[in-house]
Amino acid sequence: MHQPGRGRRAAAPATTAARIAAGGPPRSGPDRRAARPLIRPFSTPRKTDLKLHQDPSNALNTVTGYGPDYVDINLQRHETSVIVLPGAPVVEWPVASFDALTPELFAMLLEPQPEVVIFGSGARLRFPHPRLTMQLTAQRIGVETMDFQAACRTYNILMAEGRKVAAALLIER
Numbered sequence: 399m400h401q402p403g404r405g406r407r408a409a410a411p412a413t414t415a416a417r418i419a420a421g422g423p424p425r426s427g428p429d430r431r432a433a434r435p436l437i438r439p440f441s442t443p444r445k446t447d448l449k450l451h452q453d454p455s456n457a458l459n460t461v462t463g464y465g466p467d468y469v470d471i472n473l474q475r476h477e478t479s480v481i482v483l484p485g486a487p488v489v490e491w492p493v494a495s496f497d498a499l500t501p502e503l504f505a506m507l508l509e510p511q512p513e514v515v516i517f518g519s520g521a522r523l524r525f526p527h528p529r530l531t532m533q534l535t536a537q538r539i540g541v542e543t544m545d546f547q548a549a550c551r552t553y554n555i556l557m558a559e560g561r562k563v564a565a566a567l568l569i570e571r
């Protein structure tokens, strides 16, 4: 005696869409993977400029963006070299090129007495002669040299940690 539901099976729909429409799950195997959209997480175009978001509740100076010939501090664009401290006004640093650096320019950083100075040496990493930063090291103020972009990022990190940091950012003209 033949019992309903036993024995012969109904023919399975041939396509995934037909299977889903009939109320069944999609078939496993290569067809199932092919139906998924291909996601490429790194397919967005790259830019040379960086925009950082600022926390509006914070009154400290933050680098909010930079490019090859500018830096944005608290969304304010600066196209000349600057000295940035967390709680002080941004000061123009009167230097137009790496070769024009003098001990007096670095001495401008003695007064706020930071524990560390981040020196952004321009588009590429160049170390100043030790005689240029001698006054800072004599006062036990650390000087860390890095390229301009790394200096901007490092300043933000140290400032957010509550460190007494100053950034001397060289924008060459």
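In this note's numbering, the protein residues as written are 399 to 571.
The beta-carbon is built from N, C-alpha and C at its ideal position, and this holds for glycine as well.
All values reported here derive from a predicted model rather than from experimental measurement.
Three-state secondary structure (DSSP) at GLU502? On the sequence shown, residue 502 is found 104 positions in, with the first residue counted as 1. Residue state, collapsed to three classes: helix.
Other residues of its chain near ASN472: CB distance less than 7 Å, five sequence neighbours each side excluded: As a first step, residue 472 is located in the sequence shown; it is residue number 74 there, counting from the start. So the qualifying residues of the chain are GLN452, ASN459, THR460, THR462.
Would you call the CB atoms of GLU509 and ARG561 closer than 8 Å? Translated into the one-based positions of the sequence shown, residue 509 becomes position 111. Translated into the one-based positions of the sequence shown, residue 561 becomes position 163. The answer is no: Cβ separation not under 8 Å.
GLN547 - DSSP class collapsed to helix/strand/coil: Numbered from its first residue, the sequence shown carries residue 547 at position 149. Helix.
With a CB to CB cut of under 6 Å and the five nearest residues on each side skipped, what residues in its chain are close to LEU483? Within the sequence shown, the letter at position 85 stands for residue 483. If we look at LEU483 and ignore the five residues flanking it on each side, its Cβ neighbours are PRO510, ALA564.
Residues that ALA564 bridges to, as DSSP identifies them: Residue mapping note: residue 564 aligns to position 166 of the sequence shown, counting from 1. The partner list for ALA564 (beta bridge, DSSP) reads VAL515.
Determine the DSSP secondary structure at GLN474, reduced to helix, strand or coil. On the sequence shown, position 76 is the one that residue 474 refers to. GLN474: strand per DSSP, three-state reduction.
So does the stretch 538-558 actually touch the stretch 514-525, counting three or more Cβ pairs closer than 8 Å? yes
Among ALA486, LEU507, HIS476, which one has its Cα closest to the Cα of ALA457? By 1-based counting over the sequence shown, the position of residue 457 is 59. Comparing Cα positions, the closest option is ALA486.
Given that a residue counts as buried once 16 or more other Cβ atoms are within 10 Å of its Cβ, and exposed if not, what is PRO439? Position 41 of the sequence shown, counted from the start, is the residue given in the question as residue 439. Residue placement at PRO439 is flagged as unreliable, the pLDDT there being 44, under the threshold of 50; the coordinate-derived value follows with that caveat. With fewer than 16 other Cβ atoms within 10 Å, it is exposed.
Would you report the Cα separation of ALA566 and VAL480, rounded to the nearest angstrom? For the purposes of this step, residue 566 is taken as the residue at position 168 of the sequence shown. For the purposes of this step, residue 480 is taken as the residue at position 82 of the sequence shown. Cα to Cα, ALA566 sits roughly 6 Å from VAL480.
Buried versus exposed call for ALA549 [16 or more other C-beta atoms within 10 Å across all chains shown]: Mapped onto the sequence shown, residue 549 falls at position 151. With 16 or more Cβ atoms within 10 Å of its Cβ, ALA549 is classed as buried.
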